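Note that the sequence shown ends on residue 230 in full-length UniProt numbering; no numbers are left out.
All C-beta atoms, glycine included, are put in the ideal place defined by N, C-alpha and C.
What you are looking at is a predicted structure, and each value in this text was computed from that prediction instead of being measured.
Please read the structure below before turning to the comments.
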Amino acid sequence: MKKILLVEDDHRLSQSVAAALEKDGYTCVPAYDGQMALKAFQQDTYHLVLLDLNLPKMNGIDLCDRFRHMNPGIPILVITAFGDIDSKMEAFETGADDYLVKPFHLKELQAKVKVFLKRAEQPAAAEPILQLADIRLDPNKKVAIREGKEIHLTPKEYSLLEYMLRHKKRIISKDELAMNLWDANYGVTHNTIEVYINFLRNKIDKDFEKKLILTKPGFGYYLNDQRDEL
Numbered sequence: 001m002k003k004i005l006l007v008e009d010d011h012r013l014s015q016s017v018a019a020a021l022e023k024d025g026y027t028c029v030p031a032y033d034g035q036m037a038l039k040a041f042q043q044d045t046y047h048l049v050l051l052d053l054n055l056p057k058m059n060g061i062d063l064c065d066r067f068r069h070m071n072p073g074i075p076i077l078v079i080t081a082f083g084d085i086d087s088k089m090e091a092f093e094t095g096a097d098d099y100l101v102k103p104f105h106l107k108e109l110q111a112k113v114k115v116f117l118k119r120a121e122q123p124a125a126a127e128p129i130l131q132l133a134d135i136r137l138d139p140n141k142k143v144a145i146r147e148g149k150e151i152h153l154t155p156k157e158y159s160l161l162e163y164m165l166r167h168k169k170r171i172i173s174k175d176e177l178a179m180n181l182w183d184a185n186y187g188v189t190h191n192t193i194e195v196y197i198n199f200l201r202n203k204i205d206k207d208f209e210k211k212l213i214l215t216k217p218g219f220g221y222y223l224n225d226q227r228d229e230l
């Protein structure tokens with residue numbers, strides 16, 4: 001039976017969410033503050049985390065970061081009243097996989113949980129290494145390496161680099177990136193895309209002589225190991 005860590009300080013909401021998910025056949029372990037959640041995560045194995053951001057004793061962003069480093073593959077779904085774009089970006093940057101703003105319909109939450117858990121249980125076939133110039137990305141280990149040095153990426157940065165490597169030497173518009181890499185309910189803007197491209201550039205290009213992420217003004221971005229314009 002799949003086990004879910006439910007980190008929510010509102011006892012009534014926690015009970016409602018747990019009841020709905022337990023009807024779907026999952027086991028929910030409640031945690032009502034950050035320290036309680038961290039202790040539970042350290043002491044047991046979970047298949048998914050539902051995480052509020054506004055928590056006593058340790059905030060959800062710090063928890064998300066700790067969870068992600070302790071278990072890089074676990075799905076983390078944020079459930080919070082913070083619906084502003086900055087909170088969403090901070091959560092995704094820290095390692096959240098999805099973001100649901102309160103108030104939400106339990107059926108929507110149940111559907112998201114089902115998708116994440118079904119995806120996690122499917123054994124992934126070994127995929128070939130993606131490479132351009134001196135950067136290598138291993139889709140099986142979720143690792144990026146440039147000039148022999150591992151580059152630590154957040155899940156969203158990794159997804160962005162993977163998508164660009166799979167479509168290298170082709171211009172990719174901001175709308176295409178938004179459609180393929182962000183949830184439709186996230187409300188991603190072109191500015192959001194620019195911010196994440198900048199995050200990625202700072203990690204894979206800033207300290208290297210050859211710049212791989214290039215811009216075609218008015219059209220989008222592309223990965224290229226040459227300075228030839230597309």
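Residue i versus residue j - alpha carbon distance
i           : j      : result
Val115      : Leu137 : 25 Å
Leu165      : Asp33  : 40 Å
Ala178      : Gly25  : 33 Å
Ala37       : His105 : 24 Å
residue 276 : Arg119 : Because the chain here runs from 1 to 230, residue 276 falls outside it and cannot be looked at.
Asp181      : Asp225 : Correcting the residue identity first, residue 181 is Leu in this sequence and not Asp. Leu181 and Asp225: Cα-Cα distance of roughly 23 Å.
Asn202      : Ile193 : 14 Å
Pro217      : Leu130 : 26 Å
Where residue i sits in the DSSP three-state scheme
i      : result
Glu150 : strand
Asp62  : helix
Thr34  : The sequence as given places Gly at residue 34; Thr does not occur at that position. Here Gly34 sits in helix by DSSP.
Ile145 : strand
Ile79  : strand
Lys112 : helix
Arg201 : helix
Lys2   : coil
Asp84  : coil
Lys216 : strand
Val188 : coil
Thr27  : strand
Whole-Å CB distance - residue i paired with residue j, under 8 Å assumed
i     : j      : result
Leu77 : Asp98  : 5 Å
Glu93 : Thr154 : 5 Å
Distance cut-off 8 Å: residue i Cβ against heavy atoms of the ligand FAD
i     : result
Ala31 : With respect to the ligand FAD, the structure shown offers nothing to examine, as it has no ligands at all.
Item to check | Segment contact, 8 Å Cβ cut-off, at least three pairs: the segment 75-85 with the segment 129-144 | outcome: no
Next on the checklist: Would you call the segment 30-46 in contact with the segment 4-13, where contact means no fewer than 3 C-beta pairs closer than 8 Å?
Outcome noted: yes
Checklist entry - Can you find at least 3 beta carbon pairs, one from the segment 11-28 and one from the segment 62-73, that sit closer than 8 Å? => result no
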